[in-house]
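What the sequence shown shows, in the numbering used here, is residues -2 to 232, in sequence order. C-beta atoms are modelled at their ideal positions from N, C-alpha and C, and glycine is treated no differently.
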Amino acid sequence: MSKENIKKMSSELSQEKSEKQKRGYQELLQGNRDWVKTELDRDPDYFNKLAAGQEPDVLWIGCSDSRVPANEVTNTRPGQVFVHRNIANVCVHSDMNMLSVLDYAVNVLKVKHVIVSGHYGCGGIAAALSNQQFGLIDNWLRHIKDVYRLHSNELDRITDESIKLDRLVELNVIEQVYNLCKTTIVQNAWREREDLEIHGWVIDLKTGLVKDLQVTAKSSENLGKIFKLDESKVR
């Protein structure tokens, strides 16, 4: 094949890639228009109602994975679930983004349920299980490696890597629920009202079903002594 033909073929492939990328972007815009039309056909006043405000009962703290969107998983509508997502649904006391969302959801929106939702087959959990370097994200994955350290006696006995990954997904969710309970935001809210619950879920991507890990917390009673804060409230 001549250099001219190779150059021509390369140019054609580049143009095809560019056109495909442009089509993909335009499909997003068209998807938005289709969605608006569908909602207006169903309820002509839908967007006026949506713009009026939100009153969600649920804060969803989930993974950034594109396969686990909160509304689709729970079959809820826009306005019903307040959402925060990050890689591997981590909740740590140094994450001001997550804490700001939590504070707003609990103290302003007055949500009644906070759900930490992980999912089997989580890439972040799998990366934390490995000894590879991935870049900046390695610092974030350290939080998950710490979960492994806390439960190493159990996890080190699991020889099947797939089962170990699934179990670490579950243990990570459990620890993040515990981390939320340790915050001043949640503990102070529990002093003022009894309708706030923290839950831990795992989504099975193979079935779409949610597994409730049965670690729901409704008060600070089961927190370790070092984490249970004094009754005198400090703002």
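The stretch 137 to 152 makes contact with the stretch 80 to 95; the number of CB pairs closer than 8 Å reaches 3 or more. Look at Gly115 here: in three-state DSSP terms it is strand. Classified as exposed, Asn219 has fewer than 16 neighbouring CB atoms from the shown chains inside 10 Å of its CB. Fewer than three pairs of CB atoms, one per stretch, sit closer than 8 Å, so the stretch 155 to 170 makes no contact with the stretch 97 to 110. Taking the C-beta atoms as reference points, Ile195 is found no nearer than 7 Å to Val170.
Under the three-state reduction of DSSP, Asp40 is assigned to coil, being neither helix nor strand. Taking 7 Å as the cut-off, the beta carbon of Ile182 is found closer than this to the beta carbon of Asp100. From the listed residues Ser217, Asp62, Asp92, Gly50, the smallest Cα separation to Gln77 is found for Gly50. The alpha carbon of Ile223 has as its nearest neighbour, out of Asn150, Glu24, Cys178, Asp209, the alpha carbon of Cys178. Within the DSSP secondary-structure output, Asn83 pairs in a beta bridge with Cys60. Val89 sits in coil when the DSSP states are folded into three classes, being neither helix nor strand.
Contact annotation: Leu56 and Ala102 have beta-carbon atoms nearer than 7 Å. Taking the C-beta atoms as reference points, Trp198 is found no nearer than 7 Å to Ile122.
For Lys208, the three-state secondary structure derived from DSSP is strand. Distance from Pro66 to Leu47 at the Cβ level is roughly 17 Å; contact not present, criterion being Cβ atoms closer than 8 Å. Taking 4 residues as the minimum length, the alpha helix (DSSP H) runs contained wholly in the stretch 96 to 154 are 120 to 126, 134 to 147, 149 to 152, in order along the chain. Separation of Glu69 and Leu206 (C-alpha to C-alpha, rounded to the nearest whole angstrom) is 12 Å. Between Met93 and His81, the C-beta spacing is not below 7 Å.
Looking at the backbone, the Cα of Gly21 and that of Gly28 are separated by about 10 Å.
Taking C-alpha positions only, His90 is separated from Ser216 by approximately 19 Å.
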